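Count the sequence shown with the UniProt record's numbering and you get residues 1 to 189, in order. Quick reminder that beta carbons are idealized off the backbone N, C-alpha and C, glycines included. As the structure is a prediction and not an experimental result, all values here were calculated from the model. Below is one structure, written out as structure tokens; comments come after it.
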Amino acid sequence: MAEAIITILDLFNCPVCLDLLKEPVAIPCGHSFCRSCINDCWDQEDQTGSYSCPQCRHTFTPRPDLNKNAMLAELADTLKKTKLQDAPPVDSYVGPGDVECDVCSGRKRKAVKSCLVCLLSFCEAHVQIHESSAYKKHKLVKASVNLQEKICPHHDKLLEAFCRTDRKLICLLCMDSHISHEVSSAGAQ
Numbered sequence: 001m002a003e004a005i006i007t008i009l010d011l012f013n014c015p016v017c018l019d020l021l022k023e024p025v026a027i028p029c030g031h032s033f034c035r036s037c038i039n040d041c042w043d044q045e046d047q048t049g050s051y052s053c054p055q056c057r058h059t060f061t062p063r064p065d066l067n068k069n070a071m072l073a074e075l076a077d078t079l080k081k082t083k084l085q086d087a088p089p090v091d092s093y094v095g096p097g098d099v100e101c102d103v104c105s106g107r108k109r110k111a112v113k114s115c116l117v118c119l120l121s122f123c124e125a126h127v128q129i130h131e132s133s134a135y136k137k138h139k140l141v142k143a144s145v146n147l148q149e150k151i152c153p154h155h156d157k158l159l160e161a162f163c164r165t166d167r168k169l170i171c172l173l174c175m176d177s178h179i180s181h182e183v184s185s186a187g188a189q
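Below, the structure is given as structure tokens:
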């Protein structure tokens, strides 16, 4: 599931060099690249006289003119400045014993919260969407490596209670089968 989540920031990365677009140009199929990246690709195709999009493989003859995508360039520049200002501190990256963010690509950041519905862990940047009203039914807890251990294997619900009689964590649906047992909240154990 983590692989399925893409961020808006990824849309500003060049599909060739995978970095933030530098002097972005759009080619006739609509895809955008760094001017130098697409020129390098097409310079290798000069002998054939046919030029293809590195992303969708659409071919063009003759070699298309490249026009600067001014709006995309402005957005990429703004994003670059913002990224530099908002660069995470070195200690926010994952280290030994830390829980890593399941959404970060490249260098992983330290997770601050884990979602018991998604069974994913999130860094400070990626947890923000989970704090919106669309995710209000999701349960965020302190970042945890063993998320599956906090979920009832019978009901796929959060283990919120502790059965003192059986000495084990149970979910609220399990409480019916522990009705004559001494049960407390999981935090009180």
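Item	Value
Beta-carbon proximity list for phenylalanine 12, same chain, < 7 Å, skipping 5 on both sides	Leu20, Leu21, Leu75, Ala76 and Leu79
Runs of alpha helix (DSSP H) wholly within the region 28-84 (minimum 4 residues, chain order)	35-43
Of the residues Cys152, Asp98 and Leu72, the one placed nearest alanine 111, counting alpha carbons only	Asp98
Residue from Asn69, Pro28, Arg164 and Leu147 whose Cα sits closest to the Cα of leucine 158	Leu147
Residue nearest to cysteine 115 in terms of C-alpha spacing, selected from Ala134, Leu72, Pro96 and His138	His138
Buried or exposed by the 16-neighbour rule on C-beta atoms within 10 Å, applied to alanine 161	buried
Nearest neighbour of asparagine 69, chosen from Cys123, Ile27 and Gln128 [CA to CA]	Ile27
The region 48-65 contacting the region 95-109, beta-carbon criterion three pairs below 8 Å	no
Where alanine 161 falls: helix, strand or coil (DSSP)	strand
The beta strand (DSSP E) enclosing proline 153, as first and last residue numbers	Neither: proline 153 is in no beta strand (DSSP E) and is coded neither H nor E.
Integer-rounded CB distance, given that lysine 113 should sit under 8 Å from phenylalanine 122	5 Å
Cysteine 174, DSSP secondary structure in three states	helix
Residues of its chain near tryptophan 42, where Cβ-Cβ distance is below 7 Å and the 5 sequence neighbours each way are ignored	Tyr51 and Arg63
8 Å contact criterion, which cysteine 37 and histidine 58 should meet: CB distance rounded	Contact doesn't hold; Cβ gap of about 17 Å is too wide.
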